[in-house]
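Notes follow the structure.
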Amino acid sequence: MSASIRVRNLVKTFALSEMGSGPVSLRDALRTERRQATQREVRALQDVSFDIHQGERVGIIGRNGAGKTTLLSMLAGITDQTAGSIAIEGDVHAMLTIGAVLRDEVSGRENIYLDGAVHGKSRAEIDAHVEEVIAFSELGEFIDRPVRTYSSGMKARLAFSMGAFIEPDVLIIDETLSVGDVFFAEKASRRMKEITAQGRIVIVVSHALAVIDEICDRCLWLDQGQLVMDGPAEEVTAAYERAVEQAEEAELTAKFGNGEPIPRSPERGRLDSISLAQDGAVLTASARAFIPLSLTVSGRLDLIVGAADATLSVLRVDGRRILSRRLSEAGQALPAGGPFTLSVTLDPMILGAGLYRFDLALHDAEGPIDAVHRVVEVVDEEGQFGGVPLLYYPPVITSKPLGETS
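My numbering applies: residue -12 is where the sequence shown begins, and numbers increase by one.
Okay, here's the thing in structure tokens:
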């Protein structure tokens, strides 16, 4: 049989009951008829359509609440759709949670036979694969001990091994590999490629994008119940990562409020966005305390009055300015005109854990020209700092003119 999945216009809604809010007396709390529940409909999936063909390894990604688990439950036949259709050619083996796959009170070996029987395998068919499953799981003598004595990693290895050797037409895995060790994950990846080489389908849900890139050749990105993107795994995960970074940065920026409007004189000059880096890697939403931080911003000066200058400021989320330093104070100067690059080094970056905003303002004798800012969450992984964050060193600031660009 050729395995295939066809999903068309899939919709899933849930009705949530909400009790009336507000304080109630003990008497009223016991008299439930006095408190009426209201129904609110939540749409977990909205008009989702896709096809999966034999031999494909498909990843499904998305933030919490995107609809990933709901979709897997429907593909596994556990949950019915509200509207739309699902057509699957072949038998399905789903590992949605380890607890749902394994029985704690019996041994690993007995679990293999029970799981095989649930999926319609005869004793002889299970006998043919049982030693292969045990060897792949690397459980050794633990295979004859109760599963309740296993670590989470051991349970993950057994659950995957059972599914991988039961030879289903469609294998669905939801985060099972996230609790296994890296070496077993690599072995599991090779096994999934062997399965799809036989014309079977593997579907993997994981928050670890590297796992999706390694295992899958295709990826579906769900967001708020909708299919946002469907394509080659590396392209989809890269787009998803960019979207998550932008959302996190916007969320951090919003915590500072709108702030004062930035005065701009675009005819006199401009600044581009701030780029931050640590250890040679560009930062997105967070930075590590006590690691040198590099800040780079490019810009251009045109109709300036007198000598232009730049000011770097660092603000806490409560609005307190904890650093303010001008380029001229560091003995540096901006070019009289044309494009330039500003580089700021904080070495080391002695900031306590928390949210900070880095502001860079461009100005001349006539007043403000432009300003840019960047919000970053500083993480103190070593727990070295506490109390009020301090900066007790001057930043090193350099400036250099660039050649004219077209």
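Note that beta-carbon positions come from the ideal geometry of N, C-alpha and C, so glycine has one too. Owing to the predicted nature of the structure, the values given are computational and were not obtained by experimental measurement.
Who does His350 pair with in a DSSP beta bridge? Asp296 and Pro355
What's the gap between the Cα of Gly64 and the Cα of Ala81? Their Cα atoms are separated by approximately 9 Å.
What separation, rounded to the nearest whole angstrom, lies between the Cα atoms of Ser124 and Ala(-10)? 26 Å
Just to confirm, is the Cβ distance from Glu232 to Asp200 under 8 Å? Taking 8 Å as the Cβ cut-off, Glu232 and Asp200 do not qualify as a contacting pair.
In whole angstroms, what separates the C-alpha of Val429 from that of Ser109? As displayed, the chain neither begins before -12 nor continues past 393, which places residue 429 out of reach and without an answer.
Could you give the DSSP three-state label for Met141: helix, strand or coil? helix
What's the gap between the Cα of Asn(-4) and the Cα of Ser36? 5 Å
Pick helix, strand or coil for Thr385, following the three-state DSSP scheme. In this structure, DSSP gives Thr385 an extended state, which the three-state scheme calls strand.
Taking the alpha-carbon positions, what's the Ala70 to Arg251 distance? So the two alpha carbons sit approximately 52 Å from each other.
Just list the residues that DSSP pairs Leu3 with in beta bridges. DSSP, once it has assigned bridges, lists Arg27 as partnering Leu3.
Tell whether a beta-carbon distance below 8 Å holds between Ala274 and Leu263. A contact, by the Cβ cut-off of 8 Å.
Hey, could you find the ends of the alpha helix (DSSP H) Val105 is sitting in? Gly95 to Val105
Leaving aside the five residues before and after Met141 along the sequence, list all residues of the same chain whose C-beta is less than 7 Å from its C-beta, in chain order. Leu126 and Phe129
Ignore the nearest five residues each way along the sequence and tell me which others in Met179's own chain have a CB closer than 7 Å to its CB. Arg44, Val189 and Ile202
Can you round the beta-carbon distance between Pro279 and Gly325 to whole angstroms, since I take them to be within the 8 Å contact cut? Contact between Pro279 and Gly325 is absent: CB atoms are separated by about 29 Å, not below the 8 Å threshold.
Which residue marks the beginning of the alpha helix (DSSP H) containing Val198, and which one marks its end? Leu196 to Ile202
How far does the alpha helix (DSSP H) with Ile121 in it reach, from first residue to last? Arg110 to Ser124
Considering only the alpha carbon of each residue, which of Thr136, Gly341 and Val359 lies closest to Val366? Gly341
Which residues share a DSSP beta bridge with Glu76? Note: Glu76 sits in a beta bridge opposite Ser(-9).
CB of Asp78 within 8 Å of CB of Pro155, strictly: yes
Considering only residues of the same chain and omitting the five flanking positions on each side of Ala31, which have a CB-CB separation below 8 Å? So the list reads Lys(-1), Thr0, Phe1, Gly54, Thr57 and Gly212, once near-sequence residues are dropped.
DSSP-derived helix/strand/coil call for Thr56: helix
By Cβ distance below 8 Å, which residues in the same chain neighbour Leu83 in space, the five residues on each side in sequence not counted? Thr56, Leu59, Ser60, Ala63, Ile65, Ile159 and Asp161
Taking DSSP as the reference, what is the three-state secondary structure of Asp91? coil
Within the same chain, show all residues whose beta-carbon is closer than 8 Å to that of His106, passing over the 5 residues directly before and after it, in chain order. Asp78, His80, Ile153 and Pro155
Burial state of Asn413, where buried means 16 or more other Cβ atoms lie within 10 Å: Because the chain in this structure spans residues -12 to 393, residue 413 falls outside the shown range and cannot be described.
My assumption, with CB atoms under 8 Å, is that Ala297 sits in contact with Leu349. Please give the rounded CB distance. At roughly 5 Å, the Cβ-Cβ gap stays under 8 Å, so Ala297 and Leu349 are in contact.
If you compare alpha carbons, which of Glu28, Ser300, Gln41 and His360 is closest to Arg(-7)? Gln41
By a C-beta neighbour count over all protein chains shown, 10 Å radius and 16 as the cutoff for buried, is Phe170 buried or exposed? Looking at its Cβ environment, which holds fewer than 16 other Cβ atoms inside 10 Å, Phe170 is exposed.
So for Gln233, helix, strand or coil by DSSP? helix
Beta-carbon proximity check, Ala276 vs Met336, cutoff 8 Å: yes
Mind checking whether Ala151 and Val88 have CB atoms under 8 Å apart? no
Exposed unless 16 or more other CB atoms sit within 10 angstroms - verdict on Leu290: Counting other Cβ atoms within 10 Å of its Cβ, Leu290 stays below 16 and is therefore classed as exposed.
Please classify Leu214: is it buried, with 16 or more other beta-carbons within 10 angstroms of its beta-carbon, or exposed? Burial call: buried.
On the DSSP bridge list, what partners appear for Ser330? Residue pairing for Ser330: DSSP places it in a beta bridge opposite Thr283 and Thr385.
The beta strand (DSSP E) with Ala264 in it runs from where to where? Ser262 to Gln265
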